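Position 84 (the sequence shown) corresponds to 86 in the numbering used here; numbering is contiguous. Every residue gets a Cβ at the ideal spot worked out from N, C-alpha and C, and that includes glycine. Model, not experiment: these values are computed from the prediction.
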Amino acid sequence: MRKCILVVDDDAMNLKRTKMILEKQYDVLLAESGKEALTMLGCAKIDLVLLDIAMPDMDGMETFERMKKRSINVPVIFLTASGDEDDVLSAIRLGAVNYLKKPFLPPELMKRVAKEFETE
């Protein structure tokens with residue numbers, strides 16, 4: 003059975019590009035906001051979340067904290083354009099399994115995702 007990945011990013015081009023990279027091997031769901039992601043996590047079987055840190059209204063950190071409060075235990079790989087080490091460290095402290103700096107190369111994304119599914 004194919005794994006399902008939820009990609010959360012407020013940039014439509016990033017969503018489209020990430021889906022194109024992943025969809026050959028995985029089922030891919032897209033969300034344009036943290037709020038939309040939380041709704042989808044409540045009603046779909048999702049194996050991994052790729053979560054942008056910098057989003058309007060509810061950023062990736064707040065989205066991740068709300069996932070934890072709701073006991074949604076899905077591994078999260080944060081996507082960050084800033085490369086701000088404080089963001090990355092905060093994400094790891096919260097329990098993120100990894101992070102990826104944008105823009106990323108397709109092989110790097112596939113490697114991080116595959117690595118996460120290997121550990122199951």
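When the Cα atoms are used, what is the spatial distance from residue i to residue j?
i, j, result
"glycine 1", "valine 78", "Residue 1 falls outside the range modelled here, since the chain spans only 3 to 122, and no answer is possible."
"glutamate 87", "proline 108", "22 Å"
"aspartate 54", "threonine 82", "6 Å"
"lysine 71", "lysine 26", "33 Å"
"serine 73", "arginine 4", "23 Å"
"aspartate 49", "glutamate 64", "20 Å"
"asparagine 16", "glycine 62", "15 Å"
"arginine 68", "alanine 14", "23 Å"
"asparagine 100", "glutamate 118", "9 Å"
"leucine 43", "aspartate 29", "14 Å"
"aspartate 12", "arginine 95", "24 Å"
"glutamate 120", "arginine 114", "10 Å"
"serine 92", "phenylalanine 66", "11 Å"
"alanine 39", "lysine 103", "20 Å"
"methionine 57", "aspartate 89", "13 Å"
Near residue i, which residues of its chain fall below 7 Å by C-beta distance, leaving aside the five closest residues on each side in sequence?
i, result
"proline 105", "none"
For residue i, does the three-state DSSP call read helix, strand or coil?
i, result
"isoleucine 1", "Here the chain covers residues 3 to 122 and nothing more, so residue 1 does not appear."
"valine 99", "coil"
"aspartate 54", "strand"
"alanine 46", "coil"
"isoleucine 74", "coil"
"leucine 40", "helix"
"leucine 31", "strand"
Starting from the C-beta of residue i, find all residues in its chain whose C-beta is less than 6 Å away, skip the five residues before and the five after it, and write them out in chain order.
i, result
"threonine 20", "Val9"
"isoleucine 23", "Pro108, Leu111"
"valine 51", "Leu8, Val76, Val78"
Go through its chain and collect everything with a Cβ distance to residue i's Cβ below 8 Å, but skip five positions before and after it.
i, result
"aspartate 59", "Ser35, Gly36, Lys37"
"alanine 46", "Cys6, Leu8, Leu31"
> Below 8 Å, can you find three or more Cβ-Cβ pairs linking the segment 68-83 to the segment 22-35?
Replying inline: no
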